[in-house]
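Residue numbers (my numbering): 693 to 908.
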């Protein structure tokens, strides 16, 4: 997995969580005040650090040990106000990344020398995310339906690039997926799935891999 940052992206490292953030959180001061009341200490005045501390708080107060990474992110963004594009990594979820956006652009570049499982990634909804993304994909593949997750056929190599702008990834790939507001994209074991918390009548049922017509 690769992370291509724009000039206005901020990267915050904690000992357990990494957050890449492009945007502005308008209620971060209220969130910071809440987290400070719970004993969390801050080293900066940034809204990005507040997001990192917030996901740490959600993780520390999880009700079960097997909570998924995408569920943590889902709970975090429900508390955020403003515009943002976010990518999360964690030592608690090795080999995984979760990305989401609202009001700020975010796309995923896809590169592989091998055939991909699908060109249209179906949108999963919350009832589908209570299980680990890896288990969802494995279960569906056993049913000869591997299209719920994007991956290279035969467990071959595939690369995913997260970026806020297509120009940042065009030198690596011209195959991209544009995320919509409140999409939550999860990569686990080389497989990409996309889910949303709520379903609405206007929702597109899938996200297509598009080919960019751009040159360096």
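Glycine is no exception: its CB is placed at the ideal position from the N, C-alpha and C atoms.
None of these values were measured; they are calculated from a predicted model.
Near residue i, which residues of its chain fall below 6 Å by C-beta distance, leaving aside the five closest residues on each side in sequence?
{"i": "residue 778", "result": "713, 792"}
{"i": "residue 724", "result": "742"}
{"i": "residue 786", "result": "none"}
{"i": "residue 718", "result": "773, 774"}
{"i": "residue 878", "result": "762, 790, 825, 885"}
{"i": "residue 848", "result": "806"}
Give me whichever residues DSSP pairs with residue i in a beta bridge.
{"i": "residue 812", "result": "900"}
{"i": "residue 887", "result": "816, 876"}
{"i": "residue 792", "result": "778, 876"}
{"i": "residue 844", "result": "808"}
{"i": "residue 715", "result": "776"}
{"i": "residue 869", "result": "800"}
Express the C-alpha separation of residue j and residue i in angstroms, rounding to a whole number.
{"i": "residue 871", "j": "residue 903", "result": "15 Å"}
{"i": "residue 731", "j": "residue 883", "result": "37 Å"}
{"i": "residue 774", "j": "residue 796", "result": "9 Å"}
{"i": "residue 772", "j": "residue 805", "result": "38 Å"}
{"i": "residue 756", "j": "residue 860", "result": "38 Å"}
{"i": "residue 866", "j": "residue 736", "result": "37 Å"}
{"i": "residue 729", "j": "residue 721", "result": "12 Å"}
{"i": "residue 851", "j": "residue 881", "result": "11 Å"}
{"i": "residue 764", "j": "residue 751", "result": "7 Å"}
{"i": "residue 901", "j": "residue 845", "result": "16 Å"}
{"i": "residue 766", "j": "residue 758", "result": "15 Å"}
Here's a check: name, in chain order, each residue in its chain whose Cβ is nearer than 8 Å to the Cβ of residue i, leaving out the five neighbours to either side.
{"i": "residue 891", "result": "817"}
{"i": "residue 888", "result": "815, 816, 817, 818, 874, 875, 876, 895"}
By a C-beta neighbour count over all protein chains shown, 10 Å radius and 16 as the cutoff for buried, is residue i buried or exposed?
{"i": "residue 754", "result": "exposed"}
{"i": "residue 809", "result": "buried"}
{"i": "residue 780", "result": "buried"}
{"i": "residue 788", "result": "buried"}
{"i": "residue 739", "result": "buried"}
{"i": "residue 843", "result": "buried"}
{"i": "residue 893", "result": "exposed"}
To which residues of the same chain is residue i closer than 7 Å at the C-beta, ignoring the five residues directly before and after it?
{"i": "residue 855", "result": "696, 799, 801, 861"}
Thinking just about the alpha-carbon of each residue, which of the options is nearest to the one in residue i?
{"i": "residue 868", "options": "751, 878, 899, 719", "result": "899"}
{"i": "residue 769", "options": "747, 789, 788", "result": "747"}
{"i": "residue 803", "options": "726, 864, 886, 734", "result": "864"}
{"i": "residue 776", "options": "841, 716, 844, 811", "result": "716"}
Looking at chain C, is there any beta carbon in it that lies within less than 9 Å of the beta carbon of residue i?
{"i": "residue 888", "result": "Annotation note: the requested chain C is absent from the structure, which comprises a single protein chain."}
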